[in-house]
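Quick note, the sequences are listed as chains A and B, same order. Residue numbering for the first sequence follows my numbering, beginning at 311 and increasing consecutively. Residue numbering for the second sequence follows my numbering, beginning at 142 and increasing consecutively. Every residue, glycine too, gets a C-beta built ideally from N, C-alpha and C. Okay, structure first, notes after.
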Amino acid sequence: SNIVSIGNKYFSVGFDSKGFLNSISLEDGSEHKLSQNFFYYEGAIGDNRVFKNRSSGAYIFRPNSTERFVADHVNVKVIKGPIVEEVHQTFNNWISQVIRIYRDYNYVEFEWLVGPIPVDDKIGKEVVTRFVSDIQNSNVFYTDSNGREMIKRVRNHRDTWNLQLQEEIAGNYYPVTANIAIEDGQKRLSIMNDRSQGGSSLQDGAIELMVHRRLLHDDAFGVDEALNFTHPIRGKHYLLFGKLDGNVPSMEARERFLQAEKLLPPWLFFSDVSSYDYEDWR
Amino acid sequence: RVHLDYFSEVMGVLQHHDAITGTSKEHVTQDYTVQIYAAFKACSYSAKIILNQLTARQTNKDKPPESEAARYLDQATGQPNFTFEFDTCLLLNVSSCEISETRDKFMVTVYNALAHSVFSYVRVPVDGKYDYEVTDYRSVPIPHQMISVPPQVTALDPAKSAGYELVFLATELPPIGYKSFFIVRKPVKALNTPRVLVPEVVLLPNSMSSDEPQKPPRN
């Protein structure tokens, strides 16, 4: 059928016939919509003399349009084993990803590889990964405060003044140093990252994080140089999805533990013991 | 202390907001990388000393730790110049490690910096032309899985990337402590033990005595 799924005792995720993630099934048997894809924004270009002519650059995220798709289908390789199950996705020749579920972890790991971002068309690009679920979060999402408490964000809103957003995408972006989450009273989706990124929820059920940028114009805020990064970037996102039904530990507690484990991961040390038997070495 | 101070100073430099957010010029970012690399290598020397002393304490609690590990190992192997080296692999993020890809036998020591017990899946770059046996510090076989690395990742460092990773579960890593795993590579089909799952057992470090918590709560 060309439709595959990977999972463990806690949940499984399914992929559609085009290779995109499209569902998650929990251990109680419930199935929920959950998709993921990469997009990019094209950076605005201007002479920086007035606000409306500001270029997207090192300090400024200023897309000139809505997002662009990077692929309409994904090449997929599926690997299943007793310890880990993986789906290797190739979106195009500069974006690929491994979606991974370990036997004993209750989260999904996304290891993405993006770049070098092509600029042959002379257009700067800012690449985002976007997760879309069936959660009705009513414009509300949460981002962490430098790894500490989660702060409530409301789309197109500020608490202390009446907001008229001139830039509805960038104006709703917030810093995400550890975690971004949405919930609707029944379910909660959170994405944890391995480095600081910008993120938002631009529509109900969706979370997006910017993973890489390559821009060709300076934004006149002091760097005096375009943010023209030529290298590929590899990183990880951790997805937790669950019901808010009073289970212990709660979703927030699971996120908190996972945050500590991912931001202070075990250190690996390697020793060459070629010349010794194990017992002697020990 | 000199190395630790140097590392601290570099970490101070890298608190600059351009270093944190990636808004610096590319050659500045590369200089940040050079600085943190130099500091990391210098400090890894100190880390080796610390780990040597930790190992010595675990080896024999009654004797002074400073030279006990080296002395014990010398007696065991009969080789007076035994060196006790721990190395970090700074290219693990592109699935590359010189020791694990090229040595017939190597040890992976997993250090848990958290104040509570954790379990963690370990991924080690290996050469796909071989099969591997993984045992813990009591010679108990550990179930493992070989898995291919995507070609886009191996292309990042084609001179070094192995193309495969060995995955196994490190259980019950003690708080602010470590466990070591012994890995031997063998020609395919030469393994005596089939790759089957064995029952999980909770293994306590030798240094734990009976009046200490026997089984930290799992997260």
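(Q) Going by beta-carbon coordinates alone, are Ala488(A) and Asp529(A) separated by less than 8 Å? (A) Here residue 488(A) refers to the residue found at position 178 when the first sequence is read from its first residue. Here residue 529(A) refers to the residue found at position 219 when the first sequence is read from its first residue. Their beta carbons are not under 8 Å apart, which means Ala488(A) does not touch Asp529(A) by this criterion.
Q. For a contact meaning CB atoms closer than 8 Å, what does Ile355(A) contact in chain B?
A. For the purposes of this step, residue 355(A) is taken as residue 45 along the first sequence, with counting starting at 1. Near Ile355(A) there are no residues of chain B at all, since even the closest Cβ is about 18 Å away, more than 8 Å.
Q. Hey, is the segment 434 to 444 of chain A in contact with the segment 499 to 515 of chain A, meaning 3+ C-beta pairs nearer than 8 Å?
A. yes
Q. Using a Cβ cut-off of 8 Å, which residues of the segment 542 to 557 of chain A contact any Cβ in chain B, in chain order?
A. Pro542 and Arg544
Q: May I have the straight-line CA-CA distance separating Tyr273(B) from Phe260(B), to the nearest angstrom?
A: Numbered from its first residue, the second sequence carries residue 273(B) at position 132. Numbered from its first residue, the second sequence carries residue 260(B) at position 119. Distance between the alpha carbons of Tyr273(B) and Phe260(B) is about 21 Å.
Q.
Helix, strand or coil, according to DSSP, for Gln171(B) in the structure here?
A. Position 30 of the second sequence, counted from the first residue, corresponds to residue 171(B). Helix.
Q: Just grab the DSSP bridge partners of Leu578(A) for me.
A: As a first step, residue 578(A) must be located in the first sequence, where it is residue number 268. Per DSSP, Val251(B).
(Q) Cutting at 7 Å between CB atoms, please list the residues of its own chain near Lys572(A), excluding the five before and the five after it. (A) Residue mapping note: residue 572(A) aligns to position 262 of the first sequence, counting from 1. Cβ neighbours of Lys572(A) beyond the five flanking positions: Met502, Asp504 and Tyr548.
**Q.** Coarse secondary structure for Ser321(B), derived from DSSP in three states
**A.** The residue given as residue 321(B) occupies position 180 in the second sequence. Of the three classes helix, strand and coil, the one that applies to Ser321(B) here is strand, per DSSP.
Q | Leu145(B) to Ile177(B) span [Cα, whole Å] | A | Here residue 145(B) corresponds to residue number 4 of the second sequence, with the count starting at 1. Here residue 177(B) corresponds to residue number 36 of the second sequence, with the count starting at 1. Approximately 12 Å, taken between the alpha carbons.
Q.
Using only CA atoms, which one of Ile313(A), Phe567(A) and Asn472(A) lies nearest to Gly329(A)?
A. Taking the first sequence and counting its residues from 1, the one referred to as residue 329(A) is at position 19. Of the listed residues, the one whose Cα sits closest to Gly329(A) is Ile313(A).
Q: May I have the straight-line CA-CA distance separating Ile411(A) from Gln286(B), to the nearest angstrom?
A: Position 101 of the first sequence, counted from the first residue, corresponds to residue 411(A). Position 145 of the second sequence, counted from the first residue, corresponds to residue 286(B). Roughly 13 Å separates the two Cα atoms.
Q) Could you give the residue range of the beta strand (DSSP E) that holds Glu239(B)? A) One-based indexing of the second sequence puts residue 239(B) at position 98. Glu239(B) -> not in any beta strand (DSSP E); alpha helix (DSSP H) instead, spanning Glu239 to Thr243.
Q. Under the three-state reduction of DSSP, which class applies to Asn333(B): helix, strand or coil?
A. The sequence position of residue 333(B) within the second sequence is 192, counting from 1. Because Asn333(B) carries a pLDDT of 49, less than 50, the predicted location of this residue cannot be relied on, and the following value inherits that uncertainty. Three-state DSSP puts Asn333(B) in coil, outside helix and strand.
(Q) Quick check on Leu512(A): does DSSP put it in helix, strand or coil? (A) Stepping through the first sequence from its first residue, residue 512(A) is reached at position 202. In this structure, Leu512(A) counts as coil in the three-state DSSP scheme.
Q. In or out: Arg244(B) buried (at least 16 other Cβ within 10 Å) or exposed?
A. One-based indexing of the second sequence puts residue 244(B) at position 103. Per the 10 Å Cβ criterion, buried.
(Q) Can you confirm whether the segment 580 to 589 of chain A touches the segment 459 to 472 of chain A when touching is taken to mean that 3 or more C-beta pairs between the two stretches lie within less than 8 Å? (A) no
Q) In this structure, does DSSP put Gly324(A) in helix, strand or coil? A) One-based indexing of the first sequence puts residue 324(A) at position 14. Residue state, collapsed to three classes: strand.
Q) Comparing alpha-carbon positions, which option in Pro485(A), Gln496(A), Ala491(A) and Glu562(A) lies nearest Gly508(A)? A) Indexing the first sequence from 1 puts residue 508(A) at position 198. Checking every option, the nearest Cα to that of Gly508(A) belongs to Pro485(A).
Q: Determine the direct distance from the alpha carbon of Pro328(B) to that of Ser241(B), and round the result to whole angstroms.
A: Residue numbering aside, residue 241(B) sits at position 100 when the second sequence is read from its first letter. Residue numbering aside, residue 328(B) sits at position 187 when the second sequence is read from its first letter. Each residue's alpha carbon lies about 15 Å from the other.
Q) What residue from Pro282(B), Pro266(B) and Phe181(B) has the CA that sits closest to Ile288(B)'s CA? A) Working through the second sequence from its first residue, we reach residue 288(B) at position 147. Comparing Cα positions, the closest option is Pro266(B).
Q: In the DSSP assignment, find the unbroken beta strand (DSSP E) run with Ile161(B) in it and report its ends.
A: In the second sequence, the residue the question calls residue 161(B) occupies position 20. Run containing Ile161(B): none in the beta strand (DSSP E); it sits in the alpha helix (DSSP H), His158 to Thr162.
Q: Tell me whether Val533(A) sits in a helix, a strand or coil according to DSSP, three-state version.
A: Sequence index remark: in the first sequence, residue 533(A) carries index 223 (1-based). Three-state DSSP puts Val533(A) in coil, outside helix and strand.
Q: Taking only runs that begin and end inside the segment 416 to 480 of chain A, name each unbroken beta strand (DSSP E) of 3 or more residues, in chain order.
A: 418 to 424, 435 to 443, 450 to 454 and 460 to 464
Q) How many whole angstroms separate the CB atoms of Leu526(A) and Val408(A), which I take to be in contact at a CB cut-off of 8 Å? A) Indexing the first sequence from 1 puts residue 526(A) at position 216. Indexing the first sequence from 1 puts residue 408(A) at position 98. That pair is no contact at about 30 Å.
(Q) Please identify the residue among Phe379(A), Pro576(A) and Glu562(A) whose C-alpha is closest to the C-alpha of Pro315(B). (A) For the purposes of this step, residue 315(B) is identified with residue 174 of the second sequence, where counting begins at 1. The candidate whose alpha carbon is nearest that of Pro315(B) is Pro576(A).
**Q.** Boundaries (first-last residue) of the alpha helix (DSSP H) holding Phe371(A)
**A.** Looking up residue 371(A) in the first sequence gives position 61. Taken as a continuous stretch (DSSP letters only), Phe371(A) belongs to no alpha helix (DSSP H), as it is neither H nor E.
(Q) I want to verify the contact list: residues of chain B whose CB lies under 7 Å from the CB of Ser584(A), in sequence order. (A) Here the question's residue 584(A) lines up with position 274 in the first sequence. Ordered by position in chain B, the residues that pass the 7 Å Cβ test against Ser584(A) are Arg244, Asp245 and Lys246.
Q) Comparing the C-beta of Trp577(A) with each C-beta of chain B, is any distance below 8 Å? A) In the first sequence, residue 577(A) corresponds to position 267, counting from 1. Output row for Trp577(A): interface = yes.
Q | 6 Å CB neighbourhood of Ile433(A) in its chain, flanking five on each side removed | A | Taking the first residue of the first sequence as position 1, residue 433(A) is located at position 123. Closer than 6 Å at the Cβ level, and outside the excluded window around Ile433(A), lie Glu352.
Q) How many Å lie between Gly556(A) and Glu562(A) at the Cα? A) Translated into positions along the first sequence, residue 556(A) becomes position 246. Translated into positions along the first sequence, residue 562(A) becomes position 252. Rounded to the nearest angstrom, the two C-alpha atoms are 11 Å apart.
(Q) Taking 8 Å as the threshold (beta carbon to beta carbon), is Ile288(B) in contact with chain A? (A) In the second sequence, counting from the first residue as 1, residue 288(B) sits at position 147. Judged by the 8 Å Cβ criterion, Ile288(B) is in contact with chain A.
Q: Give the interface partners of His157(B) over in chain A, defined as CB-CB distance under 7 Å, in chain order.
A: The sequence position of residue 157(B) within the second sequence is 16, counting from 1. Correct list: empty, because the minimum Cβ distance to chain A is about 13 Å.
Q. Straight-line CA distance for Arg336(B) to Pro282(B)?
A. Counted from its first residue, the second sequence places residue 336(B) at position 195. Counted from its first residue, the second sequence places residue 282(B) at position 141. No answer about Arg336(B) holds up, because its pLDDT of 43 lies below 50 and its placement is not dependable.
Q: Just the C-alpha distance for Val424(A) and Glu477(A), rounded to the nearest angstrom, thanks.
A: By 1-based counting over the first sequence, the position of residue 424(A) is 114. By 1-based counting over the first sequence, the position of residue 477(A) is 167. Val424(A) and Glu477(A): Cα-Cα distance of roughly 26 Å.
Q) Grouping DSSP H, G and I as helix and E and B as strand, with all else coil, what is Thr376(A)? A) As a working mapping, residue 376(A) is identified with position 66 in the first sequence. Thr376(A) falls in the coil class under three-state DSSP.
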